[in-house]
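Protein chains: 2
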Amino acid sequence: MKFDDKVPIYYQIKTHLYHEMLNGQLTAGAQLPPVRQLAVDLTVNVNTVQRALGEMITEGTLTSQRGKGNFVTTDTTRLAQLKDQLVMAQLAQTYDQLHAFNLTDAEILTSLKQYIEKRGIAQ
Amino acid sequence: MKFDDKVPIYYQIKTHLYHEMLNGQLTAGAQLPPVRQLAVDLTVNVNTVQRALGEMITEGTLTSQRGKGNFVTTDTTRLAQLKDQLVMAQLAQTYDQLHAFNLTDAEILTSLKQYIEKRGIAQ
DNA sequence: CCTAGTGTCCCATTTAACTATTACACTATA
DNA sequence: TATAGTGTAATAGTTAAATGGGACACTAGG
Chain H
1 MKFDDKVPIY YQIKTHLYHE MLNGQLTAGA QLPPVRQLAV DLTVNVNTVQ
51 RALGEMITEG TLTSQRGKGN FVTTDTTRLA QLKDQLVMAQ LAQTYDQLHA
101 FNLTDAEILT SLKQYIEKRG IAQ
Chain R
1 MKFDDKVPIY YQIKTHLYHE MLNGQLTAGA QLPPVRQLAV DLTVNVNTVQ
51 RALGEMITEG TLTSQRGKGN FVTTDTTRLA QLKDQLVMAQ LAQTYDQLHA
101 FNLTDAEILT SLKQYIEKRG IAQ
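These protein sequences, in sequence, are chains H and R.
Each residue of the first sequence is one higher than the one before, counting from 1 in full-length UniProt numbering.
Each residue of the second sequence is one higher than the one before, counting from 1 in full-length UniProt numbering.
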């Protein structure tokens, strides 16, 4: 897997798993691939995978069963909450960034709108 | 200055200076504070400041005059181009991220609209 | 009971970012 | 010409991320 060298790999693995948990590839209660397999898939060391999973277990988005595997939480409320939280963080980051470039609220909205439109044409 | 420990400090300094260059605090041709002063202001080592400036000089957004100081480029076309580039990168990142969470184009737009509205109330 | 498949932990090593410190090079000006 | 203010470079030390390799613990199934 490709990584951005400006962000720790373990952190990008968390983001990657969040995506899979929130777009249907990994549903509530689903079992994750074994850590050793994940390490191979992501072309990364097992310890690095473990660090990402460890944090997600602490956060309550994953559960671990020694000898059996790692699983997505069955708490769908928790998952919905996670999605909200991640979406909000992303929106806030973009808003702050563009606002710092002196774009007004209206300009921020229209620039996103135009970006999406142009993107549709480009594809 | 506060830094996000998930991103290299020198990189955050670049972002910080881009903001100042694109929101009027540092206009075309303006002289930057001395590197030693910047280091103090940002509570960071001179070498770290130098690394950020070095990259910006290579990129052509800053120029350096030994013995005199560092200056914002006078090439306003270059600055406009920089702004476009940074805004686009930010929009692309947000779009990709939210799209990976299974939001449709319409949902992405309305979620940003709602975020901005709620934000206005909260303030 | 044994074995294969899991998660977990530990240790040593490497690498990159950052810091601290010192020295050098150029410019302007008194 | 001397000095203060500037950028630039070099070196050494610290820290955190990531790697590599090994060992241990638990579970399921033959």
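Ideal Cβ positions, reconstructed from N, Cα and C, are used throughout, including at glycine.
Values in this document were obtained by computation on a predicted structure and should not be read as measured data.
| query | result |
| --- | --- |
| Do you know offhand how far residue 42 (chain R)'s Cα is from residue 1 (chain R)'s? | 5 Å |
| Using only the alpha-carbon positions, how far apart do residue 33 (chain R) and residue 11 (chain H) sit? | 35 Å |
| Pick helix, strand or coil for residue 73 (chain R), following the three-state DSSP scheme. | coil |
| Short of 7 Å in beta carbon distance, which residues of its chain neighbour residue 14 (chain H), apart from the five on each side in sequence? Order them along the chain. | 52, 55, 56 |
| Is the CB of residue 13 (chain R) under 8 Å away from at least one CB in chain H? | no |
| What does DSSP give as the partner residues of residue 126 (chain H) in its beta bridges? | This structure does not reach residue 126 (chain H), given that chain H is present from 1 up to 123, and the question cannot be answered. |
| Within 8 Å of any Cβ in chain R, is that where the Cβ of residue 100 (chain H) sits? | yes |
| Starting from residue 63 (chain R), follow its DSSP beta bridges and name the residues at the other end. | R:71 |
| With distance defined between alpha-carbon atoms, name the residue in H:44, H:18, H:38 nearest to residue 60 (chain H). | H:18 |
| To the nearest angstrom, how far is the alpha carbon of residue 141 (chain H) from that of residue 89 (chain R)? | There is simply no residue 141 (chain H) to check, as chain H begins at 1 and stops at 123 in what is shown. |
| Of all Cβ atoms in chain H, is any one closer than 8 Å to the Cβ of residue 87 (chain R)? | yes |
| Is the Cβ of residue 123 (chain H) closer than 8 Å to any Cβ of chain R? | no |
| Counting only the same chain and skipping the five closest in sequence on each side, list residues whose C-beta sits under 8 Å from that of residue 40 (chain R). | none |
| Does the structure place the stretch 72-91 of chain R close enough to the stretch 79-86 of chain H that three or more beta carbon pairs sit under 8 Å? | no |
| Relative to the C-alpha of residue 21 (chain R), which residue among R:48, R:76, R:67 is closest? | R:76 |
| Could you check if residue 104 (chain H) is buried or exposed, using at least 16 other CB atoms within 10 Å of its CB as the buried criterion? | exposed |
| Assign residue 118 (chain H) to one of three DSSP states: helix, strand, or coil. | helix |
| With 8 Å set as the bound, which would you pick, yes or no: does the beta-carbon of residue 24 (chain H) sit closer than that to a beta-carbon of chain R? | yes |
| Compute the Euclidean distance between the alpha carbons of residue 101 (chain R) and residue 23 (chain H), then round it to the nearest angstrom. | 5 Å |
| Below 8 Å on the Cβ atoms is my contact criterion, and I expect residue 28 (chain H) with residue 73 (chain H) to pass it. Report the Cβ-Cβ distance as a whole number of Å. | 7 Å |
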